[in-house]
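> The structure's right below; bear with me while I get my questions together.
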Amino acid sequence: MPAYPCPHADEGCQAAFPIQAKLRQHLKKRHTLRYFCDECDAGFILLLDMQRHKRDDHPPRCFTCGLECATKDVLLKHLEIHKTSLDQRKRFPCDVEGCGKRYTTAYALKTHVNTVHDKVKPYVCEWEGCGRSFGFKKVLDRHVWTHTNPAPPRERKRVIKEVGLIDGIVGTGDTGRDIACQVQGCDYKFTRNYDLKRHLASMHKDLGLGLELVDAV
12 MPAYPCPHAD EGCQAAFPIQ AKLRQHLKKR HTLRYFCDEC DAGFILLLDM
62 QRHKRDDHPP RCFTCGLECA TKDVLLKHLE IHKTSLDQRK RFPCDVEGCG
112 KRYTTAYALK THVNTVHDKV KPYVCEWEGC GRSFGFKKVL DRHVWTHTNP
162 APPRERKRVI KEVGLIDGIV GTGDTGRDIA CQVQGCDYKF TRNYDLKRHL
212 ASMHKDLGLG LELVDAV
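Residue numbers (our numbering): 12 to 228.
Below you can see the structure in the form of structure tokens.
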């Protein structure tokens, strides 16, 4: 049995060495913190572990707006936003005649051409019986939401009154017509004074009402 076992056996290390020099090399390489994060106090044995720590716990951050980026390359591209105006970054114009739109990336331009000019709609609703298609996934997501969260039916504010056919034609009964005929026993009603005047002149002329009453309406 080797005379120099690793003292970190309680941590699961079963290494052992015939000479003490080998043990020291092992301890330095496997059990000694050699890499330290420059943004916190964390220490690591392996360089890979420190790099993973910095990536996950200290992602590159824009010092102007505070945006966190996945990598330094992404951060460098983001910083261009603060150096130039939006109009200056729109370097990709649409060459379709009469359009004139411009975009900051080739991907955004391609998406514009596909959806607006070529009418490409690759995102299809898979809800049974639907099958509608959309040019953007976020629009599809909003559409699918309407299937799972249908809007409640709207309450009709107007009260529809049932009126008989004859009453509706001649204006009798509860039809919503507010101007009643002035002749006793006549149930006709009208919405305009002009209609009442014509009614008096044609239906009650034999009563001798006279033009004064008709013209007074």
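For glycine and all other residues, C-beta sits at the position ideal for the given N, C-alpha and C.
What's the gap between the Cα of Lys121 and the Cα of Cys136?
Taking the straight line from one Cα to the other gives about 22 Å.
> Would Phe10 pass as a contact of Lys132 if the rule is Cβ separation under 8 Å?
Absent from the structure is residue 10, since the part of the chain shown begins at 12 and ends at 228.
> Going by C-alpha to C-alpha distance, which of Lys112, Leu90, Lys88 sits closest to Asp98?
Lys112
> What are the uninterrupted segments assigned as alpha helix (DSSP H) that are 4 or more residues long and contained completely in the stretch 87–130, given in chain order?
97–100, 117–123
> Taking the alpha-carbon positions, what's the Gly175 to Ala162 distance?
Legend: pLDDT at Gly175 = 49, less than 50; position of this residue unreliable, value from coordinates given subsequently. C-alpha separation (whole angstroms): 35 Å.
> Does the distance from the CB of Leu44 to the CB of Cys17 come in under 8 Å?
Leu44 is not a Cβ neighbour of Cys17, given a cutoff of 8 Å.
> Which two residues bound the contiguous alpha helix (DSSP H) that contains Arg41?
31–41
> Report the residue ranges of all alpha helix (DSSP H) runs contained in full by the stretch 38–86; include only those spanning at least 4 residues, in chain order.
58–68
> In three-state DSSP terms, what is Val194?
Val194: coil per DSSP, three-state reduction.
> By Cβ distance, which residues of its chain are closer than 6 Å to Ala29, with the 5 residues on each side in sequence left out?
It is Pro, not Ala, that sits at residue 29 in the sequence shown. Apart from sequence neighbours up to five positions away, the residues of its chain that approach Pro29 with a beta-carbon distance below 6 Å are Pro13, ordered along the chain.
> Can Arg41 and Ile56 be called in contact, C-beta distance under 8 Å?
yes
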